[in-house]
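Before any comments, here is the structure.
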Amino acid sequence: MQRRFIQCDVFTAVPGRGNGLAVVLDADGLDTEAMQRFAVWTNLAETAFLLPPSDPALADYRVRIFTTTRELPFAGHPTLGSCAAWLHAGGVPKDASLIRQECAIGIVEIDRSGAIPAFVAPPTRIEALEPQALTEALDALRVDPADVVRTARLTNGPVWIAIELRDADAVLAADATGASFPDERGIGLIGPHGPGGPADFEVRMIDIWHGVKEDPITGSLNAALARWMEAEGRLPEAYTVAQGTRIGRLGRVHVRRDGAGRVLVGGETQILIEGTLTL
4 MQRRFIQCDV FTAVPGRGNG LAVVLDADGL DTEAMQRFAV WTNLAETAFL
54 LPPSDPALAD YRVRIFTTTR ELPFAGHPTL GSCAAWLHAG GVPKDASLIR
104 QECAIGIVEI DRSGAIPAFV APPTRIEALE PQALTEALDA LRVDPADVVR
154 TARLTNGPVW IAIELRDADA VLAADATGAS FPDERGIGLI GPHGPGGPAD
204 FEVRMIDIWH GVKEDPITGS LNAALARWME AEGRLPEAYT VAQGTRIGRL
254 GRVHVRRDGA GRVLVGGETQ ILIEGTLTL
């Protein structure tokens, strides 16, 4: 069956330097097995499948998000990329300034009132990080414990081992080459840039769900980190994050609070390919 298809690049102003996403626009009739099989074929970090919402009064569309190994309840760059692809393909929202996307964790709102589209960061559970988990992460990434500022276990769909380091240089120096872990996990590193840096913070996500590798730009991790800052009373009004630097990407994530008290995580999306596929 012929289906409309878009491939886009998310969280970047430069096509080909962000985080790639495949979007199947007409996913009706595809079962879970077919979606997973196609996600394996694209071999991208995530592939999104758009469907009619369960309740048209509550959402503009529904999305299912797959990695090459499993379905995700929520992810940031597929949220912004799916929204951009849906609009590019002619989707008409009920509210021009606010898209409501249905996914496995519920309704995620995407604010379009500003210069850069941004999703509302979902609630995040914040827990103390176990000493053993911290030790394993630091050893695997060759990080000096003296560089650690604070840590937490964050859950906003995915579960993150979050480690804040003294500065961006310490984040960029972390080395996952040859690392091994006894189980699946995602490690998020964050550290501030100094004055005149490319962004306010540097973030890296070491992906242990698909073997040890680095994710280019991670919206859900940045959302969890922002909620962590908010819970501790240290969230700036607005800041930018550079991510993907070590692997040649120019990822930029824009985080801000709005007048309604929401935490918004935004980024640009570039449409690279559109057409049809047989699936």
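Residue numbers 4 to 282, in the numbering used here, belong to the letters of the sequence shown in order. Every residue, glycine too, gets a C-beta built ideally from N, C-alpha and C. None of these values were measured; they are calculated from a predicted model.
- Residue state for Gly79 is assigned as helix, using DSSP reduced to three classes.
- Excluding five sequence positions before and after Ala30, the CB atoms of its chain that fall closer than 8 Å to its own CB belong to Arg6, Met38, Phe52, Leu53, Leu54 and Arg67, given in chain order.
- The Cβ atoms of Glu167 and Arg153 lie closer than 7 Å to each other.
- Closest in alpha carbon position to Thr158, among Arg230, Thr279 and Leu137, is Arg230.
- In the three-state scheme derived from DSSP, where H, G and I count as helix and E and B as strand, His196 is classed as coil.
- Here the alpha carbon of Phe69 sits roughly 16 Å from the alpha carbon of Val162.
- In the displayed model, Leu33 falls within coil according to three-state DSSP, outside both helix and strand.
- Taking a contact as a CB-CB distance under 8 Å, the pair Leu141 and Ala155 does not count as one, their CB atoms being some 15 Å apart.
- Rounded to whole angstroms, the gap between the alpha carbons of Val266 and Thr243 is 13 Å.
- Remark: three or more beta-carbon pairs, one from each stretch, lie closer than 8 Å, so the region 200-214 and the region 244-253 are flagged as touching.
- In this chain, Asp170 is not harboured by any alpha helix (DSSP H), its DSSP state being neither H nor E.
- Buried is the label assigned to Gln104, since at least 16 other Cβ atoms lie within 10 Å of its Cβ.
- Under the 8 Å Cβ criterion, the region 116-130 does not count as touching the region 170-184, having fewer than three qualifying pairs.
- For the 7 Å CB-CB criterion, Arg252 and Arg20 form a contact.
- Annotation for Arg259: Ala241 and Leu267 place their beta carbon closer than 6 Å to its own, counting only its chain and skipping 5 residues before and after.
- Your pair Ile108 and Gly270 does not check out as a contact, with CB atoms roughly 19 Å apart and the cut at 8 Å.
- In the three-state reduction of the DSSP assignment, Met232 falls in the helix class, which pools H, G and I.
- Rounded to whole angstroms, Ala171 and Pro125 show a C-alpha spacing of 26 Å.
- Ile108 carries a coil assignment under DSSP once its states are collapsed to helix, strand and coil.
- Residue burial annotation: Met4 is exposed, with fewer than 16 other C-beta atoms found within 10 angstroms of its C-beta.
- Between Phe14 and Val174, the beta carbon gap of about 17 Å keeps them out of contact (Cβ cut-off 8 Å).
- Leu141 carries a helical assignment under DSSP once its states are collapsed to helix, strand and coil.
- If you ignore the 5 residues before and after Ile102, its C-beta comes within less than 6 Å of the C-beta of Asp63, Cys86, Pro96 and Ile113, all in its own chain and listed in chain order.
- Minimum Cα-Cα distance from Ile250 among the listed residues Arg237, Met208, Leu238 and Ala234 corresponds to Met208.
- By alpha-carbon distance to Ala227, the top candidate from Ala136, Pro198 and Ile193 is Ile193.
- When secondary structure is reduced to three states using DSSP, Leu157 falls in the strand class.
- Annotation: Lys97 is outside any beta strand (DSSP E) and is labelled neither H nor E by DSSP.
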